[in-house]
Amino acid sequence: MTTKLTNNDFSDITLGRRSIRIYDKNVKISHEEMLEMIQEATTAPSSVNMQPWRFVVIESSEEKDKLKPLIRFNTRQNDTSSAMIVIFGDMECYRLGEEIYNQAVEEGKMPPEVRDQQLAAIIPHYKNLSKSAMNDVVKIDSSLAAMQLMLVARSHGYDTNAIGGFEADQLAEAFDLEKERYIPVMIVSIGKAMEEGYDSVCLDAEKVTTFK
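Per numbering that gives the first Met the number 0, the sequence shown starts with residue 0, numbered consecutively.
This is how it looks when you write it as structure tokens:
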């Protein structure tokens, strides 16, 4: 079953945004529901639909112990959350480009000739991007999926906290991923909040917006 986001779900996050540090340790999220939430999150947009996001769900005490020294000031989330979802950007996401576009053809969303034309342009372009440019692409796209995951989690009745403080140079290898290929983007803790969390303030829209 797919859960649809409602206006109230967005209001809960945007108007009552709180930073959750402590979760109910007794609440566990099944693999089935976790995959459902991730599936919903991956409907986020990405550049030429290359979908560079990769998710590592850290839920066992052994793996959380491995993560703990790598997350600096966010150990309470690690200790109490149902899971810590580490989101990586795949610097070689184009390797799945043919599979993605073939699926689009099979589902009647794209003619074969369009697939062939686009892949012929996209794959060489991505392969020739500088490391810095590719890093920007996968981080921007994966951040969109991360934000969508937080919204989806709220619609499922869970709370989250976005974490950007971690040892970026050690995270991939710690969880058996190629360091040069998989770039850590964000960690999202998820579970049922045991506290109201900390209120945050947002600048007024007029202060951060310019109309031309």
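For glycine and all other residues, C-beta sits at the position ideal for the given N, C-alpha and C.
The structure displayed is predicted, hence computed values, not measured ones.
Task: Endpoints, beta strand (DSSP E) assigned at Ser188 - done: The count along the sequence shown starts at 1 and reaches residue 188 at position 189. Its beta strand (DSSP E) spans residues Tyr181 to Gly190.
Task: For Phe210, the three-state DSSP class (helix, strand or coil) - done: Taking the first residue of the sequence shown as 1, we reach residue 210 at position 211. Of the three classes helix, strand and coil, the one that applies to Phe210 here is coil, per DSSP.
- [ ] Could you check how far apart the C-beta atoms of Gly96 and Ile121 are, in whole angstroms? I think they sit under 8 Å.
- [x] Sequence index remark: in the sequence shown, residue 96 carries index 97 (1-based). Sequence index remark: in the sequence shown, residue 121 carries index 122 (1-based). Confirmed, about 6 Å.
Task: Residue from Ile86, Ile57 and Glu61 whose Cα sits closest to the Cα of Ser142 - done: Counting from one through the sequence shown, the residue named residue 142 turns up at place 143. Cα-wise, what sits closest to Ser142 is Ile86.
Open item on the list: On the DSSP letters alone, give me the boundaries of the beta strand (DSSP E) that Thr42 sits inside.
Closed with: Locating residue 42 in the sequence shown gives position 43, where the first residue counts as 1. Premise fails: Thr42 is in no beta strand (DSSP E) and is neither H nor E.
- [ ] Would you mind reading off the limits of the alpha helix (DSSP H) that contains Asn73?
- [x] For the purposes of this step, residue 73 is identified with residue 74 of the sequence shown, where counting begins at 1. From DSSP, Asn73 is part of no alpha helix (DSSP H); its letter is neither H nor E.
Task: Identity of the residue in Thr42, Lys27 and Ser29 nearest Gln147 by Cα - done: By one-based count along the sequence shown, residue 147 stands at place 148. Among Thr42, Lys27 and Ser29, the Cα nearest to that of Gln147 is on Thr42.
Task: Nearest neighbour of Ile84, chosen from Asn127, Lys130, Met149 and Leu202 [CA to CA] - done: Taking the sequence shown and counting its residues from 1, one reaches residue 84 at position 85. Cα-wise, what sits closest to Ile84 is Met149.
Open item on the list: Using only the alpha-carbon positions, how far apart do Asn25 and Glu179 sit?
Closed with: Locating residue 25 in the sequence shown gives position 26, where the first residue counts as 1. Locating residue 179 in the sequence shown gives position 180, where the first residue counts as 1. Roughly 37 Å between the two C-alpha positions.
Open item on the list: Please return the same chain residues whose Cβ sits closer than 6 Å to the Cβ of Glu58, not counting the five positions on each side in sequence.
Closed with: One-based indexing of the sequence shown puts residue 58 at position 59. So the list reads Ala82, once near-sequence residues are dropped.
Open item on the list: Taking 8 Å as the threshold (C-beta atoms), are Ser45 and Asp135 in contact?
Closed with: In the sequence shown, counting from the first residue as 1, residue 135 sits at position 136. In the sequence shown, counting from the first residue as 1, residue 45 sits at position 46. Contact: no.
Open item on the list: Between the alpha carbons of Gln219 and Asp89, how many angstroms are there, rounded?
Closed with: Residue 219 falls outside the range modelled here, since the chain spans only 0 to 211, and no answer is possible.
TODO: Taking 8 Å as the threshold, find out whether the stretch 193 to 206 comes into contact with the stretch 28 to 35 through three or more Cβ pairs.
DONE: no
Task: Length at least 4, wholly inside the stretch 106 to 173: the alpha helix (DSSP H) runs in chain order - done: 111 to 127, 130 to 154 and 170 to 173
Open item on the list: In this structure, how does DSSP classify Ser199 when only helix, strand and coil are distinguished?
Closed with: Within the sequence shown, the letter at position 200 stands for residue 199. Looking at Ser199 - three-state DSSP - the assignment turns out to be coil, as it is neither helix nor strand.
TODO: Figure out for me which residue from Ile162, Lys211, Tyr100 and Ile182 has the closest Cα to the Cα of Asp168.
DONE: Counted from its first residue, the sequence shown places residue 168 at position 169. Taking only the C-alpha atoms, the option nearest Asp168 is Ile182.
Open item on the list: Using the three-state DSSP reduction, which class does Asp64 fall into: helix, strand or coil?
Closed with: Sequence index remark: in the sequence shown, residue 64 carries index 65 (1-based). Correct three-state label for Asp64: helix.
TODO: Determine contact between the stretch 185 to 199 and the stretch 69 to 83, defined as no fewer than three beta-carbon pairs at a distance below 8 Å.
DONE: yes
TODO: Determine, using beta carbons only, whether Ser60 and Tyr197 come nearer to each other than 8 Å.
DONE: Position 61 of the sequence shown holds residue 60. Position 198 of the sequence shown holds residue 197. Not closer than 8 Å, so no.
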